[in-house]
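For the sequence shown, position 366 (counting from the first letter as 1) is numbered 370 according to my numbering, and the numbering increases by one without interruption. Here the structure comes first, spelled out in structure tokens, and everything after it is commentary.
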Amino acid sequence: MKHLKRWLPLFLIVLLALVLGACGGGQSEPSEEQTGETSQTEQTSTGPVIFLSTQARPVEEQEKMRNNILANAPVEVEFIAEDTGVFIDRVKSEVQTGKGEVSLLGALHGDFAALTNELDDLTPLLNELSDRGFPDQFVELGKLGTTEQKYIPWMQATYIFAANKEALQYLPEGADINALTWEQLLEWGKNIYEATGEAKLGFPAGDKGLLHRFLEGYLYPSYTGTMVTGFRSPEAVAMWEQFREIWKYTNPQSTTYSFMQEPLLSGEVWVAFDHTARLIEAFRERPDDFVAFPAPAGPKGRGFMPVLAGLAIPKSAPNKAGAEEVIKYLTTPEVQAETLRQIGFFPVVAGDLPEDIDVGIRAEGEAVAKQAAAPDALPALLPVGLGEQNNAFNQVYKDTFLRIIINGEDIQTVLQEEGDKLQEILNTAGAPCWPPDPPSDGVCQVK
């Protein structure tokens, strides 16, 4: 009995240790609910929001993002600009490994198209931002073909028309310059020619001009509702027939123009199409002499090509709450205007531009906003998924223009032959369709 009494305290100590060890072992293997709680804690990190972007890459623009645009953000933001390839690889890697550092993404629509499965659904956030007045078409693009809101519109650049005010007196009767049709543009050009004896329409068809964007993003969508699949359709034939008529009233020197601000300022051209950056000097130098306006509409809508950037949150984001706060901040009218001042991208939200905005930028900005918000607006995105075939793709549209409009070849023959080339390029790239063409299973097909 004495031995038992001597060993009893030691036995109780060992037993207590075993019990505590068992409790500790249970805690070392957390349940699924506990894992979820831990994950949620990580996602609501209070550290800085790391903002990875394919936009504002030049050094001076990075500094403007950090020192001006993001200066008054509600949370600390670390802005990092990367090339598209690095951007996509990093996001995919962080999501796949579950070890995220980046909480906020800024990129073009085409960049996000490669990350559909890696992006959070931002539908609740979009609902909170219902007062922003995002164009419906931009919101739809932000779904990336899914039922979820994969990105929130951030900023845009695009192409518009500009006119010398001298030309306004020749507008067709009853025409609204902010809601023209291609038929009315033809009539306008004809009226100017008959009154002055000069062809005063102008397009950037020179070697370094952006006429291919005009064809891809404006004419083709307006007449066919597509950029690619309707390339040689009956609607495309009708489009080229009408553009031949428009070309009759186009300054023949257009084949030498690359920046339309120059012929506008010289008076060679009165009505011109180009990228906003290639029209801006006309508005800056003589703001009282020119007016900016949206592209005309065709049978399928008002085709236009926005260079649309958005904001997204990767599924691996460690600070989702902070990222949402930054998105709210960047989409306020005040910060949208500051973005325009600093890096030249136009707002995607409703509202008037401040009085202190550069007069040239203001003129263009109003036209950009009207174009995007038009009820018949039909956005056509920059080509997606072409890789090294991008230049060859653009060349098909340039060659088609040259053969039909300049050389006067048979429209149907040209479209058949160039359409075959277009299909070959798409096959080589393995590129599926992109808006405004409907989604495709596999490679996009020229009909």
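All residues carry an ideal CB built from backbone N, CA and C; glycine is no exception.
Whole-number beta carbon distance between residue j and residue i, since they are thought to touch under 8 angstroms
i, j, result
"residue 298", "residue 182", "6 angstroms"
"residue 300", "residue 189", "5 angstroms"
"residue 268", "residue 276", "5 angstroms"
"residue 60", "residue 85", "6 angstroms"
"residue 435", "residue 389", "4 angstroms"
"residue 452", "residue 232", "The displayed coordinates of the chain run from 5 to 451. Any statement about residue 452 would go beyond what the structure contains."
"residue 308", "residue 162", "6 angstroms"
"residue 100", "residue 83", "Not really, about 24 angstroms apart at Cβ, beyond 8 angstroms."
"residue 288", "residue 362", "7 angstroms"
"residue 427", "residue 450", "5 angstroms"
"residue 402", "residue 223", "The Cβ separation is near 13 angstroms, so there is no contact."
Buried versus exposed, by CB contacts within 10 Å (16 or more), residue i
i, result
"residue 255", "buried"
"residue 379", "exposed"
"residue 420", "exposed"
"residue 63", "exposed"
"residue 306", "buried"
"residue 68", "buried"
"residue 4", "Because the chain is modelled from 5 through 451, residue 4 falls outside the range shown and cannot be assessed."
"residue 211", "exposed"
"residue 136", "buried"
"residue 97", "exposed"
"residue 395", "exposed"
"residue 33", "Legend: pLDDT at residue 33 = 32, less than 50; position of this residue unreliable, value from coordinates given subsequently. Label assigned to residue 33: exposed."
"residue 177", "exposed"
"residue 248", "exposed"
"residue 173", "exposed"
"residue 75", "exposed"
"residue 107", "buried"
Beta carbon of residue i nearer than 8 angstroms to that of residue j
i, j, result
"residue 342", "residue 72", "yes"
"residue 377", "residue 225", "no"
"residue 384", "residue 443", "no"
"residue 326", "residue 95", "no"
"residue 258", "residue 209", "yes"
"residue 429", "residue 418", "no"
"residue 465", "residue 116", "Past the boundaries of the shown model lies residue 465; the chain is included only from 5 to 451, so the question cannot be answered."
"residue 206", "residue 273", "yes"
"residue 364", "residue 111", "no"
"residue 304", "residue 197", "no"
"residue 296", "residue 166", "yes"
"residue 160", "residue 312", "yes"
Residue i in three-state terms, based on DSSP
i, result
"residue 282", "helix"
"residue 373", "helix"
"residue 254", "strand"
"residue 436", "coil"
"residue 116", "helix"
"residue 160", "strand"
"residue 411", "coil"
"residue 185", "strand"
"residue 128", "helix"
"residue 76", "coil"
"residue 207", "coil"
"residue 229", "coil"
"residue 295", "strand"
"residue 35", "Unreliable placement is indicated for residue 35, whose pLDDT of 32 sits below 50; no coordinate value is reported for it."
"residue 214", "coil"
"residue 271", "coil"
"residue 40", "Residue placement at residue 40 is poorly supported in this model, since its pLDDT is 33, which falls under 50; the coordinates are not used for a value here."
"residue 55", "strand"
"residue 277", "strand"
"residue 306", "strand"
"residue 105", "coil"
"residue 450", "coil"
"residue 384", "coil"
"residue 177", "coil"
"residue 137", "coil"
"residue 110", "strand"
"residue 454", "Residue 454 cannot be examined here, being either before or after the span of the chain that is shown, 5 to 451."
"residue 83", "strand"
"residue 357", "coil"
"residue 287", "helix"
"residue 166", "strand"
Residue interval of the alpha helix (DSSP H) (run including residue i)
i, result
"residue 243", "238-251"
"residue 394", "394-405"
"residue 145", "140-145"
Check: residue i C-beta below 7 angstroms from any heavy atom of the ligand GDP
i, result
"residue 140", "The ligand content of the structure shown is nil, which means the ligand GDP is not present either."
Delimiting residues of the beta strand (DSSP E) encompassing residue i
i, result
"residue 345", "Not the beta strand (DSSP E): residue 345 falls in the alpha helix (DSSP H), residues 337-347."
"residue 92", "Note, residue 92: premise wrong, no beta strand (DSSP E); alpha helix (DSSP H) at 88-101."
"residue 391", "Neither: residue 391 is in no beta strand (DSSP E) and is coded neither H nor E."
"residue 350", "Taken as a continuous stretch (DSSP letters only), residue 350 belongs to no beta strand (DSSP E), as it is neither H nor E."
"residue 330", "Not the beta strand (DSSP E): residue 330 falls in the alpha helix (DSSP H), residues 324-334."
"residue 490", "Limits of the chain in this structure are 5 at one end and 451 at the other, which puts residue 490 out of reach."
"residue 311", "311-316"
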